[in-house]
Amino acid sequence: MLKAQQIQTDYSDTAQCPCAKISIPLDRFINIQPTFHQICSSVFVTDEWRNELTANLSNMSYYVQIGDYRAFISAHLQFVSGLCQQSIVQVNDAVRSFMSTSLVTGQLLSQTTFYTRLENLLSRARTNAPTIFVRAFQLARDINHGNGLMSVYGSNFEFVTRRNPPAVVSTLLIQSKIYNETTNCLCAQGSKCLNPAMFTSPTHVEIKGLHIGCLPSESLLASTFECFYDSNCIDLIRNHMFGNKNRTLALPLNDSDVFNSNYNPNTTINNIA
0 MLKAQQIQTD YSDTAQCPCA KISIPLDRFI NIQPTFHQIC SSVFVTDEWR NELTANLSNM
60 SYYVQIGDYR AFISAHLQFV SGLCQQSIVQ VNDAVRSFMS TSLVTGQLLS QTTFYTRLEN
120 LLSRARTNAP TIFVRAFQLA RDINHGNGLM SVYGSNFEFV TRRNPPAVVS TLLIQSKIYN
180 ETTNCLCAQG SKCLNPAMFT SPTHVEIKGL HIGCLPSESL LASTFECFYD SNCIDLIRNH
240 MFGNKNRTLA LPLNDSDVFN SNYNPNTTIN NIA
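0 is the number of the first residue of the sequence shown in numbering that gives the first Met the number 0; add one for each residue after it.
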């Protein structure tokens, strides 16, 4: 490489250096090591931690009815785990696809041209990889809302009975739930209605960065990972659950790592995904 650069410098106007091979696989001279958000390698996305945290939790319908975060935390943790798994698969597939392509040129490239070509290829790969994931993800979100499917948690619609005297038989109806009641946000009209996540029993305690809403998936996407950077917030969750406290001990995410990341603790999960 150094010798080729010297020749190009000394004979820039006359040097001709045709390539013996016009295409070279990128994996011959590029190594890519993807990095993922630290939540994906934390204890918070493991089945063991989630199961211990939610052990002995019962009467879910009661917690849904009073808007208590205990009803949603398992779904949120599972969804974060699923996002991590899918992101890792998609990124690794994109890296393999990129590395299997070749750099094609008939002549020796200058160092500047070489790096420009590589940067263009990398930029295109970085743009295409998340686009595929986002489109598939958005399609699933649109199908869920478009079909008006009732969440298994009863968080978007609920059954109510109505009796009209003198009739003896009551009528069973499906009623849309309302979040953020000051704006009358109906789940029947949109799936992005939200309330701040909180424990409502025995007292009301808000959990920073987290939300509940019509669908656990949508409320999580509108949330942040702020709580998981804060040991006090993690302990707040642990102390309001009924699992074994010794088995749910967890270190907070490393807030110094944000300097090496594109995302701050208050970045919404939707923007990270």
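The C-beta atom is built at its ideal place from N, Cα and C for all residues, glycine as well.
Original post:
Can you tell me where the alpha helix (DSSP H) with histidine 239 in it begins and where it stops?
Top reply: 230-239
Original post:
Between which two residues does the beta strand (DSSP E) harbouring leucine 171 extend?
Top reply: From DSSP, the beta strand (DSSP E) with leucine 171 extends over 170-175.
**OP:** Starting from asparagine 263, trace the beta strand (DSSP E) both ways and give me its first and last residue.
**Re:** If you look at asparagine 263, you'll find it isn't in any beta strand (DSSP E); DSSP assigns it neither H nor E.
Subject >> Rounded Cβ spacing between glutamine 106 and proline 17 (contact assumed at less than 8 angstroms) >> reply: About 6 angstroms separates the two Cβ atoms, so the contact holds.
Subject >> Backbone CA spacing between threonine 170 and serine 190 [nearest angstrom] >> reply: 26 angstroms
Original post:
Using the C-alpha atoms, what's the distance from tyrosine 68 back to histidine 203?
Top reply: 11 angstroms
**OP:** Tell me the start and end of each unbroken alpha helix (DSSP H) in the region 67-101 that is at least 4 residues and wholly inside, in chain order.
**Re:** 72-98
**OP:** With DSSP as the reference, label threonine 202 as helix, strand or coil.
**Re:** coil
Original post:
How long is the line joining the alpha carbons of tyrosine 289 and leucine 120, rounded to whole angstroms?
Top reply: The requested residue 289 is not part of the displayed model; the chain covers only 0 to 272.
Original post:
If you draw a straight line from the C-alpha of asparagine 87 to the C-alpha of phenylalanine 35, how long is it?
Top reply: The sequence given here has isoleucine at residue 87, not asparagine. So the alpha carbons of these two residues sit roughly 8 angstroms apart.
Subject >> Pairwise C-alpha distance: histidine 239 and phenylalanine 97 >> reply: Our two residues, phenylalanine 97 and histidine 239, have alpha carbons roughly 47 angstroms apart in a direct line.
**OP:** Work out the CA separation of leucine 193 and glutamine 84 for me, nearest whole Å.
**Re:** 26 angstroms
Original post:
Can you list, in chain order, the residues of its chain whose CB lies under 8 angstroms from that of isoleucine 268, leaving out five sequence neighbours each side?
Top reply: Val79, Leu82, Leu219, Leu220, Ala221, Ser222, Thr223 and Phe224
Subject >> 6 angstroms CB neighbourhood of valine 44 in its chain, flanking five on each side removed >> reply: Hits under 6 angstroms: Val79, Ser80 and Cys83.
Subject >> Distance CB(isoleucine 206)-CB(leucine 235) smaller than 8 angstroms >> reply: Yes, these two residues count as a Cβ contact at 8 angstroms.
Original post:
What residue does the beta strand (DSSP E) around proline 24 start on, and which one ends it?
Top reply: 22-24
Original post:
What separation, rounded to the nearest whole angstrom, lies between the Cα atoms of valine 63 and asparagine 163?
Top reply: 27 angstroms
Subject >> Rounded Cβ spacing between leucine 252 and serine 41 (contact assumed at less than 8 angstroms) >> reply: Indeed, because the Cβ distance is near 6 angstroms, the residues count as touching under 8 angstroms.
Subject >> Residues near alanine 54 in its chain [Cβ-Cβ closer than 6 angstroms; skip 5 each side] >> reply: Excluding residues within five positions, the ones whose Cβ falls inside 6 angstroms are Gly242.
**OP:** Can you tell me which of the three DSSP states isoleucine 316 falls into?
**Re:** No information on residue 316 is available, as it lies outside the stretch 0 to 272 that the chain covers here.
Original post:
Can the beta-carbon of phenylalanine 156 be found closer than 8 angstroms to that of cysteine 186?
Top reply: yes
**OP:** Starting from isoleucine 35, trace the alpha helix (DSSP H) both ways and give me its first and last residue.
**Re:** Position check: residue 35 holds phenylalanine in this sequence, whereas isoleucine was assumed. Boundaries cannot be given for phenylalanine 35, as no alpha helix (DSSP H) includes it and DSSP labels it neither H nor E.
Original post:
Grouping DSSP H, G and I as helix and E and B as strand, with all else coil, what is cysteine 226?
Top reply: helix
Original post:
With 16 other CB atoms within 10 Å as the buried threshold, where does phenylalanine 71 fall?
Top reply: buried
Original post:
What residue does the beta strand (DSSP E) around threonine 273 start on, and which one ends it?
Top reply: Because residue 273 is not part of the residues shown, which for the chain are 0 to 272, the question remains open.
Subject >> Nearest to serine 101 (by Cα), restricted to the options Gln5, Thr111 and Ile21 >> reply: Ile21
Original post:
Would a C-beta distance cut-off of 8 angstroms place serine 57 and glycine 153 closer than the cut-off?
Top reply: no
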